[in-house]
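Just so you know, numbering that gives the first Met the number 0 puts 243 at position 244 of the sequence shown, and the rest follows in order with no gaps.
Down below is the structure, laid out as structure tokens.
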Amino acid sequence: MRETRNARRCAKTGFTLLPAASREVYRLAKPSYGPLNPLQRGTSSDESRAEWNRYDVEGQQTVYAASTEQGAYGELLAPLKPKLPRRASRYFDDVGSDDELESLIKEEWQSSGYRPPRELNMLWLSEYRLYHLTLPAHGWFIDIEAASSLSAIARYAPIALVERGLREVTVAELRGGERWLTTAISTRIWQITLDDDSLAHGIAYGSRHGSEWDCWAVWLRRTGLAHTSNGLVTSADSGVEVLPPPINPALQAILTAYDLTVSW
Numbered sequence: 000m001r002e003t004r005n006a007r008r009c010a011k012t013g014f015t016l017l018p019a020a021s022r023e024v025y026r027l028a029k030p031s032y033g034p035l036n037p038l039q040r041g042t043s044s045d046e047s048r049a050e051w052n053r054y055d056v057e058g059q060q061t062v063y064a065a066s067t068e069q070g071a072y073g074e075l076l077a078p079l080k081p082k083l084p085r086r087a088s089r090y091f092d093d094v095g096s097d098d099e100l101e102s103l104i105k106e107e108w109q110s111s112g113y114r115p116p117r118e119l120n121m122l123w124l125s126e127y128r129l130y131h132l133t134l135p136a137h138g139w140f141i142d143i144e145a146a147s148s149l150s151a152i153a154r155y156a157p158i159a160l161v162e163r164g165l166r167e168v169t170v171a172e173l174r175g176g177e178r179w180l181t182t183a184i185s186t187r188i189w190q191i192t193l194d195d196d197s198l199a200h201g202i203a204y205g206s207r208h209g210s211e212w213d214c215w216a217v218w219l220r221r222t223g224l225a226h227t228s229n230g231l232v233t234s235a236d237s238g239v240e241v242l243p244p245p246i247n248p249a250l251q252a253i254l255t256a257y258d259l260t261v262s263w
């Protein structure tokens, strides 16, 4: 759950604000890209946003991090989580009525020498480093899932939501898979000035994959080279290598939670 001490309601916008306050958050990234070098999103209305991340902003760079080390692993490895079983008979006519599709795929892959689903290759994961990011000393993040923030979204509704006939935005919509919706909201909020004449550093939100950690979308408005950036820039350390599960409690916790096995 998010740490809400010192949170306040913005008198101008109605959004709930969380102080950046040099919080430490965690991110897994490959050194070849670095911890603070995400893709810059385009500005064309014709560009599909299906592959955008949740709170990306048009024409901007957004970094994502988790409130704990466990959360960093949980977000990266979430695509490997087990899915609900599907009957293989829906797709093939030469299988038993009780055969599950995933089990058949696993058997087929193993017999062909391929890595089965839900098996994590540590050689792949070792290409990443775990970075500690320090949020700015000053300024605010918007707690987008707070009740007052959900109401404020209606006040600052992007035209895309109105055109598509959306009547209300709830936490269900914010955690759903419609990237056109969440990125339209973040692009609208990005430009709004708060009651202290500052701009939000980004958005704090709950993870879809568990309540044990929260997520932070950090908008890289400034760089450390800017002469006006004192206390307003997110920084990162040099990162640490990803250690194997026996000596990496955060990783082991996610492997256990997601029912994943490890190969080398």
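Glycine is no exception: its CB is placed at the ideal position from the N, C-alpha and C atoms.
Host beta strand (DSSP E) of residue i (start-end)
i, result
"residue 125", "Careful: residue 125 lies outside any beta strand (DSSP E) and carries neither H nor E."
"residue 260", "260-262"
"residue 28", "23-28"
"residue 141", "139-142"
DSSP beta-bridge partners of residue i
i, result
"residue 215", "64 and 203"
"residue 133", "23 and 234"
"residue 192", "198"
"residue 7", "16"
"residue 269", "What is shown of the chain runs 0 to 263, which leaves residue 269 out entirely."
"residue 167", "Residue 167 is not bridged to any residue."
"residue 118", "260"
Own chain residues within Cβ distance below 8 Å of residue i, not counting five before or after
i, result
"residue 225", "Residue placement at residue 225 cannot be trusted, given a pLDDT of 48 that sits under 50; the coordinates are not used to answer."
"residue 187", "155, 156 and 157"
"residue 25", "64, 65, 66, 67, 68, 70, 71, 129, 130, 131 and 132"
"residue 56", "40, 182, 185, 186, 189 and 218"
The alpha helix (DSSP H) enclosing residue i, as first and last residue numbers
i, result
"residue 18", "Segment 15-18 is the beta strand (DSSP E) holding residue 18; no alpha helix (DSSP H) there."
"residue 237", "Careful: residue 237 lies outside any alpha helix (DSSP H) and carries neither H nor E."
"residue 152", "146-154"
"residue 257", "248-257"
"residue 160", "158-162"
"residue 172", "170-173"
Assumed close pair residue i, residue j - CB separation to whole angstroms, cut-off 8 Å
i, j, result
"residue 131", "residue 236", "5 Å"
"residue 241", "residue 127", "6 Å"
"residue 216", "residue 61", "5 Å"
"residue 212", "residue 66", "5 Å"
"residue 259", "residue 76", "7 Å"
"residue 254", "residue 122", "Wrong, their Cβ atoms sit about 15 Å apart, outside the cutoff."
"residue 41", "residue 209", "The Cβ separation is near 32 Å, so there is no contact."
"residue 59", "residue 218", "6 Å"
"residue 147", "residue 54", "Wrong, their Cβ atoms sit about 18 Å apart, outside the cutoff."
"residue 204", "residue 79", "About 22 Å separates the two Cβ atoms, so there is no contact after all."
Own chain partners of residue i with C-beta closer than 7 Å, once the 5 adjacent residues on each side are dropped
i, result
"residue 192", "198"
"residue 9", "16, 193 and 194"
"residue 243", "121"
"residue 51", "40, 178 and 182"
Contacts around residue i, its chain only, beta-carbon distance under 6 Å, and the 5 residues preceding and following it disregarded
i, result
"residue 151", "12, 13 and 14"
"residue 207", "174"
"residue 234", "133"
Checklist line | Contact the segment 138-145 vs the segment 13-21: 3+ CB pairs below 8 Å | finding: Result yes; three or more Cβ-Cβ pairs closer than 8 Å.
Check: Is the number of C-beta pairs between the segment 25-36 and the segment 164-173 that are closer than 8 Å three or more?
Finding: Contact between the segment 25-36 and the segment 164-173 is absent: fewer than 3 CB-CB pairs across the two stretches fall below 8 Å.
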